[in-house]
Each structure stands twice: as structure tokens, then as C-alpha cells.
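What the sequence shown shows, in my numbering, is residues 28 to 382, in sequence order.
First the structure, in the form of C-alpha cells, and then the observations on it.
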Amino acid sequence: MATLDRRNGHLVVRVVYDGPSGAGKSSNLKQLVQTFSPQRRGELFSPGPVDEATTYFDWLYLNGGVVGGYPLRAQLVTTPGRGALSRRRWQLVEDADVIVFVCESIAGPAMREAKLSLDLLRARLAEKSLVPQIIVQANKQDLPAALSPAAVATALGLATDHEVIATSAREGSGVRETVVRAIRGAASLAERRIVARGADALRDTEDGSDLLARLDGSALLRSLAGPDDEIPPFPDEDVANGWVWPDRSGRRQLRTLGRALAAGEIAREHAGADELAFRAGPLRLTTSRAFRRDDVDAARAELDARARACVRSGAEHVAETTLVLAGSPGSPIWLWTIIDAGAPAPLTRSGGIAS
Ligand SMILES: Nc1nc2c(ncn2[C@@H]2O[C@H](COP(=O)(O)OP(=O)(O)O)[C@@H](O)[C@H]2O)c(=O)[nH]1
Ligand SMILES: [Mg+2]
């Protein structure tokens, strides 16, 4: 939904690039950086590990045009493609004014995956009573085996008149045309909204770091922590291998935690002086400065030691217990303990597992 950046006086719309991993979403944004001069755009922002598939999103903004008397800014955001990341995908697409669905135009598994992904997207939007325009990109047209846009539409089960744009995000063709059409669609939606309700009714704009803070849990922790608390990073449901124990049930609990975060079902709990404790849906999570380590090796050693202590004490049988590291290499790493809130707590006063 269009928002108003009251500080800079911009009317802001959001275009979300969705589609399977590897379809070319990030490549679209990289091409747009090449296409538009720095006066017209921001810098490409891609939080998360650099050398992996997108963890959170890619982000770029473009300025241009005037809507309802305000200079227009379009925020372009890509969704993370991996299935495990679908909660974040939904959080992103639900904020879209217009969606660009990018797919590889290659018959076979890639096309089937694209259809499944598009079907899920439409079902999710319908469930939320959202009806954003969806522009489909038949990408990778430079490949010899590429299907025509009409064949892509058929393979995706779309009506014959559905908007499908032929593109090569690698070579750049169609990329600018896509964004221009998407922004035009979003702008006319925003214009109608302003006419109907006035610009004052628009919510405040969220920028890229606000969005990251919402998705990674730091905004919520900040809002719940006291002024003197050091804010730890929130456990991530897509945490690296070796950062969560036990791996299987731990990842299950982390997904539950992710859903509680998306629903805002997290509250601060009373805890010891140095301890931070939260109730998140059915879970209780705790950490403290005693479980902060300066580097990854020290944090993993702490995780291993706690896991062994947990096994020795049989604590993992008392309540389903997860130990998980949060943070990124280069900054302090925190060890969190997550348990079923209903079960008796096998916790010491300092928030760790009794050893
Ligand atoms: N041949 C070809 N390769 C492309 C095109 N668009 C993206 N790619 C390649 O496909 C891979 C995945 O692209 P990326 O933009 O990271 O996909 P994302 O996962 O949707 O963000 C990369 O190796 C790109 O270079 C295209 O139009 N043609
Ligand atoms: Mg990407």
C-alpha cells in the first residue's frame, strides 16, 4: 500500500519481485542500477550473507514522476526464493502495490516450479483478500531453449490476455519496461487512494533498514527491551548448519518462533537482572550477556558445551529445548535457549541450561 515519507515529502509505492530462486529477480535490480543514473536511484542494498542466495531481500529505490502533487519514489524489493524462507516471502508480497513475478522461460522442472510458486502466491493473496496487479516476466529469453511469452503464459495457467513481458535480465532487455509498467500501475493505485481518502491517511514509509528490522526481529526486540538493555540479535529460522542444536527439532521450534514474530505474538517476560526473556507464542526464549561471545568459534564452543550439559542433565526430555546462535560473523554472537513455555523450565537463573 502506498505510504508517505513525511520527512522527505515523497509518495512511496512498493514493487515486489517474486518468483523461484534463480529466476533472475536480483539480476533485474542489478540491471536497473546500471540503467538509472545515481540521481534517479538509491544504492542496491542486500542484507545477509553476500555469497549465498538472498536471505532477506534485495532493495533498490527509484525516483520519478509526480503523483497527487508528491514526487514519487518506488521501492523495489525482491523476495528470498528458497522454500524454507516462505514466511519472509509472504511478509514481503503482502506489502506489495504491484508484484513482478519472474520466471525462467524453460520447459520442464523450472516451469513446473514456477507454476507451483505462482499458484501459491495467488492463493496466499486471495486468502488475505489482496488483489495487487501481477506482471509476469518470461525471463532468460537470451537462452536458445526459451519459451515465448505466450507459451510461458500457457504453462503458468494464465489467461491469454495476462500481461507477460519477455526479458533477459542478464542482457538487460525488457527490464526497464517491466519496472516502468509496474510503477505506472502502482502510481495509479496510489492516486486513486489519495483522491478517495487524502494523503494524510497514508501510513509512514518504511525504508530498507526498517524492513530488515521488521523481518529479522530486531525492531520487535528493541520495542520490548528496556533503555539500558543491550539488544541481542534475534534467532533466525534459516540459521547456518552447526548454529542450532538439536538440528531437526530446533529448526521446527525456530519456524514456530518465526511465525510468532510475523504475527507480533512476542512479549517480554520478567527475568533475572542480567537476563532477557521473551514469551513467543508457545515458546519461551532467553539469553543474557553471559552468553554473548565475540567470535563464531567461541560461540560454537559455548553451544557445544551447553548441548553436552543438556544431554547429561536430561533437560531436553523435560521440555523440548533448542540452543541457537544468533548474529553474524564479525559481530558478537549470542546463544539463545528456547523451550516449550508450558513445560517445567530446566533453566538456571542466568538463563542457561543447568549443568
Ligand atoms: N542466461 C540468463 N541468465 C540469467 C538471466 N537472468 C538471471 N540469470 C542468471 O540466473 C542466475 C540466478 O539469477 P538471480 O538474479 O540471482 O536469481 P534470483 O534468485 O531470482 O535472484 C544467475 O546466474 C544469473 O546470472 C537471463 O535473463 N538470462
Ligand atoms: Mg536473489
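All C-beta atoms, glycine included, are put in the ideal place defined by N, C-alpha and C.
Remember, predicted model here, so these are calculated numbers, not experimental data.
Secondary structure in the region 94–166: the beta strand (DSSP E) runs of 3 residues or longer, each lying completely within the stretch, are 97–105, 125–131, 160–166 in chain order. For VAL338, there is no enclosing beta strand (DSSP E); the enclosing alpha helix (DSSP H) has its first and last residue at 323–340. Within 7 Å of the C-beta of THR82 there is not a single heavy atom belonging to ligand 2.
Taking 8 Å as the cut-off, the Cβ atoms of VAL94 and LEU38 count as close. Judged by pairs of C-beta atoms under 8 Å, the region 325–344 does not touch the region 279–299, as fewer than three such pairs exist. When the Cα atoms are used, LEU89 and VAL206 turn out to be separated by approximately 10 Å. If you draw a straight line from the Cα of GLY354 to the Cα of PRO136, it is about 35 Å long. Our two residues, ASP32 and VAL40, have alpha carbons roughly 10 Å apart in a direct line.
Counting along the chain, no alpha helix (DSSP H) covers SER315; the unbroken beta strand (DSSP E) around it starts and ends at 310–315. With contacts defined by Cβ atoms closer than 8 Å, LEU310 and ILE365 form a contacting pair. Among the bridge pairs identified by DSSP, GLU296 is matched with ALA304. The three-state reading of DSSP puts GLY75 in coil, since its state is none of H, G, I, E or B. Listed as beta-bridge partners of LEU87 by DSSP are LEU103. In the same chain as ALA123, and ignoring 5 residues on each side of it, the C-beta atoms closer than 6 Å to its own belong to ARG41, VAL43, PRO159, in chain order. The Cβ atoms of GLY244 and LEU288 lie closer than 8 Å to each other. When secondary structure is reduced to three states using DSSP, GLY369 falls in the coil class, being assigned neither helix nor strand. For LEU281, the secondary structure class from DSSP, reduced to helix, strand or coil, is helix. Counted as a single uninterrupted DSSP element, the beta strand (DSSP E) harbouring VAL42 occupies residues 37–45. Distances between the C-beta of THR105 and the heavy atoms of ligand 2 include at least one below 7 Å. Not one heavy atom of ligand 1 is found less than 7 Å from the C-beta of VAL120. One Cα belongs to LEU350, the other to ILE126, and the distance between them is close to 37 Å.
Looking at the backbone, the Cα of ALA173 and that of VAL179 are separated by about 9 Å.
Under DSSP, TRP270 forms no beta bridge with any residue. Per DSSP, the unbroken alpha helix (DSSP H) holding ASP243 starts and ends at 235–243. Taking a contact to require three or more Cβ pairs closer than 8 Å, the region 47–67 and the region 262–269 do not qualify as touching. When distances are taken from the beta-carbon of SER73 to the heavy atoms of ligand 1, even the shortest one reaches 7 Å or more. For ASP45, the closest C-alpha among the options LEU242, LEU352, ARG115 is that of ARG115.
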